[in-house]
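Chemist: Going by full-length UniProt numbering, the sequence shown opens with residue 1, and the numbers climb by one from there.
Virtual Cβ for every residue (Gly too), placed ideally from N, Cα, C.
I'd like to ask some things about the structure below.
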Amino acid sequence: MENEQAASVETASLTFEEKVLQTIVGVALASIDGLISADGKFFSSMTEDLADQSNVTSGIEVEVGKEQVAIDLEVIVAYGKDIPRLFAQIQEIVLQEVSRLTALEVKEINIRIVDVVKQETIEKITDNQ
1 MENEQAASVE TASLTFEEKV LQTIVGVALA SIDGLISADG KFFSSMTEDL
51 ADQSNVTSGI EVEVGKEQVA IDLEVIVAYG KDIPRLFAQI QEIVLQEVSR
101 LTALEVKEIN IRIVDVVKQE TIEKITDNQ
């Protein structure tokens, strides 16, 4: 009986809050080697960010429409990484995950590199945690 009622719905909509898309992007970015942080803050505050991995939406801005999304990222990368290759990886994983989980069309992905950090510095910070 419930299936019959559902089939008779004339209009329905599915919408997403910005924080949902920010979380999807943040979790997707965690799998990319060489990406230290999706974070608009500069290195002086990165210690807190490494300690608090629960804030995956930091540095991620989204504009969500009915069928499309635009994404702006501010990221910190590891020194020595091929940044254009990293850029391509970020685009690929974000596009794949957002499309798969929401069926929204990713219209734009804009990435701003805000800092580059040496591996030794990263190790010092993580060792002090």
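1) State the CB to CB distance for the pair residue 69 and residue 98, rounded to an integer number of angstroms; the pair is presumed to be in contact (CB under 8 angstroms).
2) Please list, in chain order, all residues of the same chain as residue 118 whose beta carbon is under 7 angstroms from its beta carbon, the five residues on each side excluded.
3) Pick helix, strand or coil for residue 99, following the three-state DSSP scheme.
4) Using 8 angstroms as the Cβ pair cut-off and three pairs as the minimum, do the stretch 6-20 and the stretch 82-99 touch?
5) Which residue or residues does DSSP assign as beta-bridge partners of residue 82?
6) Identify whether residue 74 lies in helix, strand or coil by the three-state DSSP scheme.
7) Measure how close the beta-carbons of residue 87 and residue 111 come, nearest whole angstrom, since I'm counting them as under 8 angstroms.
Modeler: Reading it off the structure:
1) 6 angstroms
2) 79
3) helix
4) no
5) The partner list for residue 82 (beta bridge, DSSP) is empty, contrary to what the question assumes.
6) strand
7) 6 angstroms
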